[in-house]
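Taken in order, these protein sequences are the chains called R and X. Using this note's numbering, read the first sequence as starting at 230 and increasing by one per residue. Using this note's numbering, read the second sequence as starting at 960 and increasing by one per residue. Just so you know, even glycine gets a beta-carbon here, dropped at the ideal spot from N, CA and C.
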Amino acid sequence: MTVRQQILTIALAALATQITRFLPFLAFRKSMPRFVLYLGRVLPSAVFSLLVVYCLKEVDPLSGSRGLPEALGILTVALLHRWKGQMLLSIAGGTLCYMLLVQGVF
Amino acid sequence: MPSSHGARKALKAAFPHTVPILTGFLFLGMTYGIYARSLDFGFLYPTLMAVTVFAGSAEFALAGMLTGPFDPLGAFLMILMINARHLFYGISMLDKYRNLGWKTLYLIFGLCDESFSVNCVTSVPEGVDRGWFYFFVTLLNQLYWISGAALGGLFGSLLHFNTKGLDFVMTAMFVVIFMNQWRKDRSHDSAVLGLAASVLCLMLFGPDRFILPSMALILLGLTLLRRPIEGRAAA
């Protein structure tokens, strides 16, 4: 690719990304049908589930470490978060636990 | 209250919510910068993409595509597909992001996974301007990502300490956000539906193409189950 072709490709990628971000706002600028309001209320919960699964998509339960470090890391996050409810503590604790596991144990 | 004071107050309130993203984005952004550098792109390209595209997984894919043959339509469609999940973020934020003037434009421009998650689930503290709060969450996150990409492109080869596993910080953050949302929800129908649909589609379609079918299945489920879900959420 020439530099000009690369710049054009990057510009198109930026355009495609912004279409996915602006489309709902442009489509429902004037009025929001009740169905869309309903979706806006219930979608976040489903989307957070999807994002957690997305983070774990490369985990293979049948080979390697079988997802054990991920499971233990998430368990640490969940327990810390139930116990203290401090977002940063839960995240730091879980990440530290995971790093120790993948660097030292598995 | 003068507006600069309101902005500073919102920045102070927003910053702590972005600290996990600071860690994650500096690390992931650097990984991205190093990857782009390994493809001989120097630091200008990854930085330019971080400013204009600002969508992590799409930028990784894009850097790879730039080394291949010129295929503008293919690249355009590929990025549309990778980023299709933003449609759901937009629908969820229609109400919150409306009527905030010029900030609305930037908030939509910077609507990445992380800014969406924080702004969707966080209750803005009383006395803090909502628009400025959302704005700073989004801006800080983008600055972290740009800095990471630039640093990775510039100094990536100098990095020696063992960072293996540090990317788990993003997984941990989404787990926490999932739990916070779970606690807020009166009914867990949508969360359970999302979990079942994504796991099923991941098993059926594999890690590279499960997002679109998952979104379709979630949309179908929420449409068919609207009555019971609305009934239970109101009960």
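Extent of the continuous alpha helix (DSSP H) run through residue i
i	result
residue 298 of chain R	297–312
residue 231 of chain R	Residue 231 of chain R -> no alpha helix (DSSP H), and no H or E assigned at all.
residue 289 of chain R	Note, residue 289 of chain R: premise wrong, no alpha helix (DSSP H); not H, not E.
residue 1148 of chain X	1148–1164
residue 1173 of chain X	1170–1183
residue 1143 of chain X	1127–1143
residue 1102 of chain X	1089–1114
residue 260 of chain R	Run containing residue 260 of chain R: none; DSSP gives neither H nor E here.
residue 322 of chain R	316–329
Counted within 10 angstroms of its Cβ, other Cβ atoms place residue i as buried (16 or more) or exposed
i	result
residue 334 of chain R	exposed
residue 298 of chain R	buried
residue 984 of chain X	buried
residue 960 of chain X	With a pLDDT of 48 at residue 960 of chain X, under the threshold of 50, the modelled position of this residue cannot be trusted; read the value that follows with caution. So residue 960 of chain X ends up on the exposed side.
residue 1091 of chain X	buried
residue 1107 of chain X	buried
residue 1064 of chain X	exposed
residue 1182 of chain X	exposed
residue 964 of chain X	exposed
residue 231 of chain R	exposed
Rounded separation between residue i and residue j - CA only
i	j	result
residue 1077 of chain X	residue 323 of chain R	19 Å
residue 1196 of chain X	residue 1151 of chain X	An answer regarding residue 1196 of chain X cannot be provided, because it is not within the stretch 960 to 1194 covered by chain X.
residue 988 of chain X	residue 998 of chain X	15 Å
residue 296 of chain R	residue 287 of chain R	9 Å
residue 255 of chain R	residue 330 of chain R	46 Å
residue 972 of chain X	residue 1097 of chain X	13 Å
residue 1130 of chain X	residue 302 of chain R	9 Å
residue 1153 of chain X	residue 293 of chain R	27 Å
residue 272 of chain R	residue 1173 of chain X	13 Å
residue 332 of chain R	residue 1060 of chain X	48 Å
residue 1035 of chain X	residue 1029 of chain X	12 Å
residue 258 of chain R	residue 312 of chain R	43 Å
residue 270 of chain R	residue 291 of chain R	37 Å
residue 250 of chain R	residue 1161 of chain X	24 Å
residue 1178 of chain X	residue 1018 of chain X	27 Å
residue 1111 of chain X	residue 285 of chain R	24 Å
residue 266 of chain R	residue 253 of chain R	12 Å
residue 1056 of chain X	residue 1134 of chain X	24 Å
Where are the alpha helix (DSSP H) runs, 4 residues long or more, that stay fully inside the stretch 982–1035 of chain X, in chain order? 1003–1011, 1015–1025
Segments assigned alpha helix (DSSP H), at least 4 residues, entirely inside the stretch 1028–1084 of chain X: 1031–1041, 1045–1056, 1061–1068, 1072–1080
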